[in-house]
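Taking my numbering, the leading residue of the sequence shown gets 2, the next gets one more, and so forth.
Working notes, beginning with the structure itself.
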Amino acid sequence: MPADWTLSVSQLNEYVRKSLAGDPMLQHIRVSGELSGVKRHFSGHVYFTLKDEAARVQCVMFRSAAQALAFALSDGMRVVVRGSASLYAATGAFQIYVDAVERQGVGELYLRFEELKRRLSAEGLFDAALKRELPLLPRTIGVVTSRAGAVLRDIAQVARRRDPNVRILLAPASVQGAGAAEEIARAIALLNRQGEADVILCGRGGGSLEDLWPYNEEIVARAIRASRIPVVSCVGHETDFTIADFAADLRAPTPSAAAE
């Protein structure tokens, strides 16, 4: 290629796509890893990330292949995928088009989740007798979530639709990433020290297993149980379950549902 030859983005992406498609080594590959961020589109296609300790790759499984699966894909599952590596030229996204998935077992995060759940359950932290009743008409709702994002706005809109005079008291905390679990625990403790909230809603919107992981940390579960104020967990979507859900006085499937 001449040194002064300039490609458009479309030309570059199409060149890379064709190069990948022309490499026989990449057309029939088997790749092992752990599933994360599994999403099922209304079209029937399934999208997920395949990862190991050092890297990750996006994967797409079209409806015909997804319908042939003998088991449901879920975050934390260890699998081997079969398919072809390609580039989606419109976005420049490198991905694997998956034809089949073989189950290997469960991933490290899932094992950690199950171990902590077992240990805290044996300790009695999830006992129904510890669950506190929620106030029927709380005057002040404490919310532990990020200042950014739609969660706080959604909670406020739903709560004020039910009671225009309700007060929303935010104790801001990071909801993912390093240090998030500690921030969530401190925010719950802060609302207890202030003593103004009648109930605490603790949660965030949906995400991958890694995104939701702060709510699977022991420090958050213990902060919930140490709270003198009843706590409602509202983490992710209806299908997402975390350790915080088991520790809380009530689990709501979504933040908006919690405000109801």
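In this text, a Cβ means the ideal position worked out from N, Cα and C, and glycines have one as well.
Item	Value
Spatial distance of Asp155 from Ser257 (CA atoms)	6 angstroms
Ala160 versus Pro136: straight-line alpha-carbon distance, rounded	14 angstroms
Pairwise C-alpha distance: Ile142 and Phe95	44 angstroms
Between the CA atoms of Arg162 and Leu153 - distance to the nearest angstrom	14 angstroms
Helix, strand or coil at Asp155 according to DSSP, with G and I counted as helix	helix
Status (buried if at least 16 other CB within 10 Å, exposed otherwise) for Ser209	buried
CB-CB length for Ala245 against Ala222, believed under 8 angstroms	6 angstroms
Three CB pairs or more closer than 8 angstroms across the segment 89-105 and the segment 115-129	no
Extent of the continuous beta strand (DSSP E) run through Leu170	168-171
Distance CB(Leu126)-CB(Ala248) smaller than 7 angstroms	yes
Assumed close pair Val145, Ile185 - CB separation to whole angstroms, cut-off 8 angstroms	6 angstroms
Whether Leu202 touches Val233 by CB criterion (7 angstroms)	yes
Same chain only: Cβ atoms within 7 angstroms of Gln28, ignoring 5 sequence neighbours per side	Ser85
Cross-strand partners of Val10 (DSSP beta bridge)	None; Val10 has no bridge partner.
Close-in-space but distant-in-sequence residues of the same chain around Pro25 (CB under 7 angstroms, 5 per side omitted)	none
Counted within 10 angstroms of its Cβ, other Cβ atoms place Glu115 as buried (16 or more) or exposed	exposed
When Ser175, Pro173, Gln158 are compared against Val1, the one with the closest alpha-carbon	Absent from the structure is residue 1, since the part of the chain shown begins at 2 and ends at 261.
N-terminal and C-terminal residue of the alpha helix (DSSP H) that Val221 is part of	219-227
Rounded straight-line distance, which links the Cα of Lys19 to that of Glu218	45 angstroms
Runs of beta strand (DSSP E) lying entirely within the segment 95-167, each at least 3 residues, in chain order	141-145
Identity of the residue in Ser175, His238, Ala198 nearest Pro215 by Cα	Ser175
C-beta atoms of Val82 and Ala67 nearer than 7 angstroms	no
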